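Line by line, the protein sequences are chains S and Z. Each residue of the first sequence is one higher than the one before, counting from 636 in our numbering. Each residue of the second sequence is one higher than the one before, counting from 224 in our numbering. Even glycine gets a Cβ: it sits at the ideal position worked out from N, Cα and C. These numbers come from a predicted model, not from an experiment.
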Amino acid sequence: MSSLILLSLALSGLLLSARKDRARTRKILEAAWRSWLGLLPSLLGLTAGIGLATALISPQAVAHLFQEHGAAGFLFLSGLGTLLTIPSPVAYPLAGTLHRMGASLPALASFITTLTMVGLLTAPLEAKAFGRAFTFRRQALSLVLALAIGAAMGVLL
Amino acid sequence: MSRTWRPVLWILAAIAAVHLGLAWRFPGLAAASARGGLQGFGQILAILPAVLVLLALFDAWVPRAVVERSLGPGSGLRGVAFAMLLGTAAAGPIYAAFPLGLSLREKGARTANLVIFLGAWATIKVPMLMLESAFLGPRFALIRLALTVPGVLGCGFLMERLERRPAR
Numbered sequence: 636m637s638s639l640i641l642l643s644l645a646l647s648g649l650l651l652s653a654r655k656d657r658a659r660t661r662k663i664l665e666a667a668w669r670s671w672l673g674l675l676p677s678l679l680g681l682t683a684g685i686g687l688a689t690a691l692i693s694p695q696a697v698a699h700l701f702q703e704h705g706a707a708g709f710l711f712l713s714g715l716g717t718l719l720t721i722p723s724p725v726a727y728p729l730a731g732t733l734h735r736m737g738a739s740l741p742a743l744a745s746f747i748t749t750l751t752m753v754g755l756l757t758a759p760l761e762a763k764a765f766g767r768a769f770t771f772r773r774q775a776l777s778l779v780l781a782l783a784i785g786a787a788m789g790v791l792l
Numbered sequence: 224m225s226r227t228w229r230p231v232l233w234i235l236a237a238i239a240a241v242h243l244g245l246a247w248r249f250p251g252l253a254a255a256s257a258r259g260g261l262q263g264f265g266q267i268l269a270i271l272p273a274v275l276v277l278l279a280l281f282d283a284w285v286p287r288a289v290v291e292r293s294l295g296p297g298s299g300l301r302g303v304a305f306a307m308l309l310g311t312a313a314a315g316p317i318y319a320a321f322p323l324g325l326s327l328r329e330k331g332a333r334t335a336n337l338v339i340f341l342g343a344w345a346t347i348k349v350p351m352l353m354l355e356s357a358f359l360g361p362r363f364a365l366i367r368l369a370l371t372v373p374g375v376l377g378c379g380f381l382m383e384r385l386e387r388r389p390a391r
């Protein structure tokens, strides 16, 4: 759904741009292609790494671990969320499945927040764009925020 | 041309080698891993090319002065609201936001607004609220939203504080 919206936005933008300035639009397409090629190696490594990780961790082991309601389950989920980065349309169904398996809601709040905001696997990409110091600070602050949200959910829910 | 393709070919060869190695002893695992990897790459393929085109358009047509005025140091509360709105309206995982974030920073956006934009992009999605409610309940979704918005704002301003202090 959202990808269709993005695609139509990009296409109409290109059409508008081409109408105004042909040569400039050509340059725009070249620039987009160059950044795609630049991103491709990290993206391929990233998706292959996530594919391998999800294949290695069996559903039974996941279910067993997530049935713990205490601090261990909370920390484990937050740790997993910290490692991986998953877009939110994928994160919510995953969290829903885990909830049915018995994971607690505060742990899932922390899980979703770390999953979408913090990503050790995507940190190299982020560092490439903004530098190491920025990446480290942002991820550390986001992790603290996610844990705080999880803890606050435990009190509020 | 060959120089830009070389890293891509290397990483593809490495992935193929790992999977062939796995397939020798654990064919099921190799297949599951390949399936997961392809699925993930497909998700990226659905989003990223359009994002990169929009970005290049943005880069070529939006002048630096506009970004500086709406997201720069003098932009105040309006800038903060704009950064959050910009992140909320977008689709895709946080790493799709890095190139646009970089462009915003190069064009003069302040650090707090950049961090707020990234945080909002990652985890505050108004359309996604429906999805979150469907899977985890509206109460859960609304409380998490109410906690995340001030949290992301706090992160943004704290980051700016940390950056202003000279590194030891």
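Residues of the stretch 314-343 of chain Z that bring their beta carbon within less than 9 angstroms of a beta carbon in chain S comprise Ala314, Gly315, Pro316, Ile317, Tyr318, Ala319, Phe321, Pro322, Gly324, Leu325, Arg328, Thr334, Leu337, Val338, Leu341, Gly342, in sequence order. Linking Ser670 (chain S) to Ser677 (chain S) through their CA atoms gives a straight-line distance of about 12 angstroms. In this structure, the straight-line span from the alpha carbon of Thr682 (chain S) to that of Ala762 (chain S) is close to 18 angstroms.
The CB of Met307 (chain Z) never comes closer than 7 angstroms to any CB in chain S; the least such distance is about 14 angstroms.
Residue contact with chain S for Leu280 (chain Z): present (Cβ-Cβ distance below 9 angstroms to some residue of chain S). Residue contact check for Trp247 (chain Z) against chain S: no CB pair falls below 9 angstroms. Counting every other CB atom within 10 Å of its CB across the protein chains shown gives Leu308 (chain Z) a total below 16, marking it as exposed. Using a CB distance cut-off of 9 angstroms, Phe765 (chain S) counts as an interface residue toward chain Z.
For the stretch 770-784 of chain S, the set of positions with a beta-carbon nearer than 9 angstroms to some beta-carbon of chain Z reads Arg772, Arg773, Leu776, Ser777, Val779, Leu780, Ala781, Ala783, Ile784 in chain order. For Leu756 (chain S), there is no enclosing alpha helix (DSSP H), as DSSP marks it with neither H nor E. Shortest Cα-Cα distance from Leu674 (chain S) to any of S:Leu780, S:Thr757, S:Phe746, S:Ala781 involves S:Thr757.
Here the alpha carbons of Thr751 (chain S) and Glu355 (chain Z) stand approximately 13 angstroms from one another. Under the rule that a run must span 3 or more residues, no beta strand (DSSP E) segment is found entirely inside the stretch 721-784 of chain S. Leu672 (chain S) and Val349 (chain Z) have their C-alpha atoms spaced approximately 32 angstroms apart.
The beta carbon of Leu294 (chain Z) does not come within 9 angstroms of any beta carbon belonging to chain S, so the residue lies off that interface. By the beta-carbon neighbour count (other beta carbons within 10 angstroms, threshold 16), Ala775 (chain S) is exposed. Of the other Cβ atoms in all chains shown, 16 or more fall within 10 Å of the Cβ of Trp344 (chain Z); this residue is therefore buried. In the three-state reduction of the DSSP assignment, Leu792 (chain S) falls in the coil class, being assigned neither a helical nor a strand state.
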